[in-house]
Amino acid sequence: MELIQVENLTKKFGGVVALQSLSLKIEKGQRLGLLGPNGAGKTTFLDLLCGYLEPDNGSILLDSVRVNGFKPYERARLGISRTFQVPRIFKRMSLLENLLTSADDVRLALDFLEKFEIEHLADQYAENLSGGQQKLLELARALVRKPRLVVADEPTAGLSPAMMQVAMEMILELNKKGVTFIIVEHNMAVITACCDVCVFLNQGVKVVEGETSDVITDRRTVEAYLAR
Amino acid sequence: MDHVALLLQLVINGVLMGGVYSLIAVGLTLIYGLMRIINFAHGDFLMLSMYATFWLHALLNLDPLVSVLLVFPTFFGLGYFAQTSLIRPVLKAPTITQALITLGLSLVMQTSAQTLWTADYRRVSVHYGAEIAQLGILRIEIAKLIMFVVSLTLCLGLYLFLKRTFVGTAMRAVAQDRETAQTLGVDADRIYAITFGIGIGLVAVAGALMSILFYVYPYVGTTFVLIAFVVVALGGLGNYVGTLLSGFIVGVVESISGYYLLSSLRYVPILVTFILILLLRPEGIFEKRLRRTI
Amino acid sequence: MKLKQKDLSYYPSIVVITLGLGLLFGVPLFITSDFILDVFLMSFLFAYLSSAWNIIGGFTGQISVGHTFFYGIGAYTTMLTNLRIGLSPWFGLLIGGLLSAFLALTLGYPLFRLRGRYYVLATWAVAEISRLIFLAAKEQTGGAMGLWPPVYPDSWWHFQFHASRVPYYNIMLILLLACLVTSWKIRYSRLGRNMLAVREDEDAAESLGINTFRYKQIAIAISAFLTAIGGGFYAQYSLFIDPDTVMSTQISVDILFPAVLGGIGTVYGPIVGALLLVPAYWFLRVTLGYSNLHVIIRGVLLMLIVLLMPFGIVGSILDRFSKWTQKEMIRWSSFRSKI
């Protein structure tokens with residue numbers, strides 16, 4: 019069953035083509051890994067999906083509903099959550115308040131904080147956290163509102179190995195409950211552990227698509243991205 | 037006078053006046069475009085220059101056109117000094133801080149002017165202030181013509197300066213990309229100060245010119261700087277040709293509304309236009325909506 | 044981890060607050076000098092205005108330097124409804140507030156599309172343009188001559204008191220408390236959290252389903268409403284208004300500076316700031332005698348303060364204080380939410 023259907027998505031910035039006629043289907047419950055070198059168009063794709071950018075061409079369907087033109091908050095209300103490459107937490111609000119803006123459930127919020135081992139800082143301003151802790155807070159904030167689809171941009175970047183483990187376990191656990199994931203990552207270990215399907219993007223074009231093991235061993239992926 | 041001739045007359049008046057508006061606006065867009073800082077005190081430098089010209093005339097009988105030559109370097113220096121002492125420290129500070137500095141400066145300048153020279157309206161009376169040249173049925177006010185010529189000359193001069201001289205090019209470079217410009221040996225701090233100085237110098241010249249025709253009082257700066265903002269909004273930030281043309285357009289609008297409405301309301305249509313521009317160009321009046329930086 | 048029961052031990056705070064209130068209302072019993080009551084009164088007024096500003100400027104992060112616009116609308120509405128149709132100023136206050144909110148919402152459509160400093164510029168422009176319009180429209184607004192109501196003997200209906208300042212004092216104090224409670228309730232509610240999210244990071248807020256435009260509108264409507272009522276109060280207190288006294292940029296600055304100084308975005312910050320600044324202003328005015336000199340000195344001092352602390356005008360002591368209250372209040376508000 020398709021959750022997301024992207025057809026012929028194109029986005030240009032001046033003379034630069036960020037995405038070229040991208041077509042993609044994402045099934046419900048999938049964990050899609052999005053791979054590609056820097057500048058491949060991954061973040062652009064995420065922005066288009068979540069409504070921060072409008073495509074020059076093409077359409078995006080969420081549950082067969084065309085969401086082109088829907089503002090980011092409207093798409094968020096349809097069940098999409100997003101984390102960003104550089105964590106965009108609410109700095110001058112406490113950790114607890116950060117989560118409460120996402121879901122008005124104190125118990126659940128504290129549970130998440132506990133899982134990410136930052137519960138003891140619940141009343142601290144978020145700006146006082148370390149980079150890795152901020153990443154975790156952002157992830158918690160995205161998850162606590164029980165989204166249907168989580169769009170995560172490098173969710174484990176900057177995390178300690180232990181916390182990386184926690185984040186990945188969280189992803190898998192939620193996925194079992196039916197949450198779909200789109201994960202942009204450069205860490206292949208995370209991709210292998212977390213994602214069942216992958217898409218390799220290069221210079222705005224979808225080059226390889228399929229099961230994770232196939233994609234990351236595909237010659238095109240290896241040559242253009244993984245090897246030197 | 038039939039309607040066509042009347043309209044033509046109003047248009048001519050407007051274009052002539054528009055030259056000065058362009059001059060003020062060009063100074064504004066220069067500062068604004070480079071440092072992205074909103075100088076709420078811009079109009080008050082205009083006011084200060086008008087007072088300087090007035091006093092030079094009243095005490096030393098100095099013609100305003102001669103004052104133009106004096107005020108430019110003086111106010112350049114003033115602007116340079118203001119930038120280094122007041123603006124530079126807050127360039128990287130949050131918007132509220134920057135706003136407070138220039139707002140504070142504006143208030144101090146206005147209140148000081150009122151304290152020193154009272155709120156009385158002053159006037160510079162020069163013989164050519166009322167002279168008219170006849171061109172068929174059209175009347176051309178000599179004063180406005182002079183203002184127009186000087187303004188245009190300066191705008192052209194600025195354009196050439198930016199395009200042809202080293203400092204001008206450095207200014208454009210810093211406006212585009214401060215870091216890169218610095219790696220090429222440009223002292224960005226100094227460029228900022230020079231830019232601010234030039235911007236203030238230009239608006240001071242405008243002030244000296246305007247004192248020929250307009251009353252001088254402590255709050256005269258606000259009206260004209262608002263008009264200048266409209267000009268910049270219409271013309272587009274950094275678009276010097278656009279700003280020049282917008283100056284003329286705004287001048288014409290003002291001229292026409294000044295005729296058909298009560299004279300005390302002559303500026304209202306333009307100012308209301310400012311708000312309308314905000315409505316019609318919701319992507320931001322001063323720059324195209326940048327791609328959201330995500 | 045459960046929140047402990049003892050967190051709900053706020054009885055000491057309630058006692059302190061009650062004592063404080065009693066003292067404040069009791070002040071007029073001990074102080075008879077009109078001058079001192081005036082200082083208190085004006086401090087309350089600006090604490091009130093600053094708190095109202097803080098809702099859009101501090102909580103929601105949209106820095107308006109044109110709040111004098113709402114203040115002036117309130118003042119003129121109250122004055123004009125009184126003069127032209129004989130309406131009691133109390134109704135005038137309300138109408139002024141509603142009109143102000145309406146204008147705020149209308150202006151919000153174009154203005155909130157502007158980012159950061161352009162919004163700031165636009166608010167300033169709107170206020171200045173309005174001042175010029177009010178000056179020019181002499182017939183409707185009295186222009187530079189100003190407006191003043193007919194003098195009635197002391198009366199609550201006519202909102203005029205001549206024999207003593209005390210009624211004004213009490214009214215302003217009540218208004219301040221109402222504003223404080225409103226501010227507090229907003230801050231520690233879902234509405235407030237969403238406003239803060241808008242302030243902190245609009246894109247991130249949107250990613251959580253928060254309609255940032257809507258919250259900006261709510262914030263400015265509330266702020267405008269409250270500010271206008273403050274303007275209406277001033278109209279009845281001073282019994283004279285003109286564009287330069289109620290629609291000038293100086294007022295906009297005087298409204299927001301206490302919030303910035305005392306702690307922008309906190310509940311108590313604006314009040315603390317006003318209670319420090321306004322008496323200081325009056326002290327300056329008294330010692331300097333010369334009517335405009337003190338305004339110049341004020342402006343210079345403002346610039347100096349800003350230059351000394353460009354990256355955080357919030358004093359470190361006050362910041363630590365606000366962090367403490369923040370911590371305590373969060374635990375309480377979250378305890379009140381479902382457990």
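Protein chains in written order, with this note's numbering: chain A, 19 to 246; chain B, 37 to 330; chain C, 44 to 382. A virtual CB, placed ideally from N, CA and C, is assigned to each residue, including glycine. Quantities reported herein were computed from a predicted structural model and do not represent experimental measurements.
My output table needs one value for residue i: the three-state DSSP class, helix, strand or coil.
| i | result |
| --- | --- |
| B/ARG214 | helix |
| C/ARG127 | helix |
| A/LEU177 | coil |
| C/GLN203 | strand |
| B/ASN97 | coil |
| A/VAL35 | strand |
| A/GLN142 | coil |
| A/VAL202 | strand |
| C/ASP77 | helix |
| A/PHE218 | strand |
| A/ASN56 | coil |
| C/GLU249 | helix |
| B/ILE48 | helix |
| C/ARG109 | Residue identity differs from the one stated: residue 109 of chain C is Gly in this sequence, not Arg. The answer is coil: DSSP assigns C/GLY109 none of H, G, I, E or B. |
Just to confirm, is the Cβ distance from residue i to residue j under 7 Å?
| i | j | result |
| --- | --- | --- |
| C/ALA247 | A/ARG106 | yes |
| C/LEU339 | B/THR258 | Per the sequence shown, the amino acid found at residue 339 of chain C is Ile instead of Leu. Taking 7 Å as the Cβ cut-off, C/ILE339 and B/THR258 do not qualify as a contacting pair. |
| A/GLY149 | A/GLY176 | yes |
| B/PHE202 | B/VAL266 | no |
| B/ALA61 | B/THR279 | yes |
| A/ASP249 | A/VAL223 | For chain A, the structure presents residues 19 to 246; residue 249 of chain A sits outside this window and is missing. |
| B/ALA1 | B/PRO254 | Outside the displayed range of chain B (37 to 330) lies residue 1 of chain B, so it cannot be described from this structure. |
| A/THR101 | A/ASP214 | no |
| A/PHE134 | A/LEU154 | yes |
| C/LEU80 | C/TYR277 | no |
| C/MET85 | C/ILE284 | no |
| C/ALA147 | C/ALA267 | yes |
| B/GLY193 | B/GLY115 | no |
What number of angstroms, rounded off, separates the C-alpha of residue i from the C-alpha of residue j?
| i | j | result |
| --- | --- | --- |
| A/MET19 | A/PRO73 | 25 Å |
| A/LEU80 | A/THR230 | 23 Å |
| C/SER173 | B/LEU196 | 38 Å |
| B/PHE117 | B/GLY235 | 13 Å |
| B/ALA264 | B/TYR57 | 6 Å |
| A/GLY59 | A/THR239 | 15 Å |
| A/ALA36 | A/LEU67 | 14 Å |
| C/GLY159 | C/ILE263 | 15 Å |
| C/ASN237 | C/PHE102 | 9 Å |
| C/ILE272 | C/ALA95 | 10 Å |
| A/ASN205 | A/GLN38 | 25 Å |
| C/LEU282 | A/GLN142 | 48 Å |
| A/THR61 | B/GLY271 | 34 Å |
| A/PHE314 | A/LEU118 | Nothing about residue 314 of chain A can be reported from this structure: the residues present for chain A run from 19 to 246 only. |
| C/THR184 | C/TRP191 | 11 Å |
| B/ALA135 | C/GLY342 | 13 Å |
| B/VAL210 | B/LYS128 | 16 Å |
| A/ASP122 | A/ALA140 | 15 Å |
| C/ILE99 | B/ILE306 | 28 Å |
| B/MET83 | B/LEU92 | 14 Å |
If contacts are defined as beta-carbon pairs under 8 Å, then residue i and residue j qualify, I think. What distance do you get, rounded to the angstrom?
| i | j | result |
| --- | --- | --- |
| B/ASP99 | B/VAL162 | 6 Å |
| A/ILE200 | A/ILE234 | Not quite, the Cβ-Cβ distance comes to about 17 Å (not below 8 Å), so this is no contact. |
| B/PRO125 | C/LEU304 | Not a contact, Cβ separation roughly 18 Å. |
| B/HIS78 | B/VAL268 | The Cβ separation is near 11 Å, so there is no contact. |
| B/MET86 | B/SER247 | 5 Å |
Just the chain F side, please: which residues come within less than 8 Å of residue i by C-beta, in chain order?
| i | result |
| --- | --- |
| B/PHE81 | Chain labels in this structure do not include chain F; the protein chains are A, B and C. |
Flag residue i as yes when its Cβ comes closer than 6 Å to any non-hydrogen atom of the ligand GTP, and as no otherwise.
| i | result |
| --- | --- |
| A/GLY54 | In the structure on display, the ligand GTP does not appear, and there are no ligands present to speak of. |
**OP:** Check each residue of the region 327–342 of chain C: if its Cβ is closer than 8 Å to any Cβ of chain B, include it; give the result in chain order.
**Re:** TYR333, ASN335, LEU336, VAL338, ILE339, GLY342
**OP:** Quick one: which residues of the region 89–116 of chain C get their C-beta closer than 8 Å to a C-beta of chain A? List them in chain order.
**Re:** none
Subject >> Positions along the region 142–170 of chain B whose CB lies within less than 8 Å of some CB in chain C >> reply: SER142, LEU143, VAL144, THR147, SER148, GLN150, THR151
Original post:
Which of the residues in the region 213–242 of chain C, read from start to end, lie with their CB under 9 Å from any CB of chain B?
Top reply: none
Subject >> Under 7 Å (Cβ pairs) to chain C, residues found in the region 123–140 of chain B >> reply: From the region 123–140 of chain B, only PRO125, VAL126, ALA129, THR131, ILE132, THR133, ALA135, LEU136, ILE137, LEU139, GLY140 have a Cβ closer than 7 Å to chain C.
Subject >> Interfacial residues, the region 254–287 of chain B to chain C, with Cβ spacing under 8 Å >> reply: THR258, THR259, LEU262, PHE265
Original post:
Listed from N- to C-terminal order along the chain, which residues in the region 98–125 of chain B have their beta-carbon within a distance smaller than 9 Å of any beta-carbon of chain C?
Top reply: SER121, LEU122, PRO125
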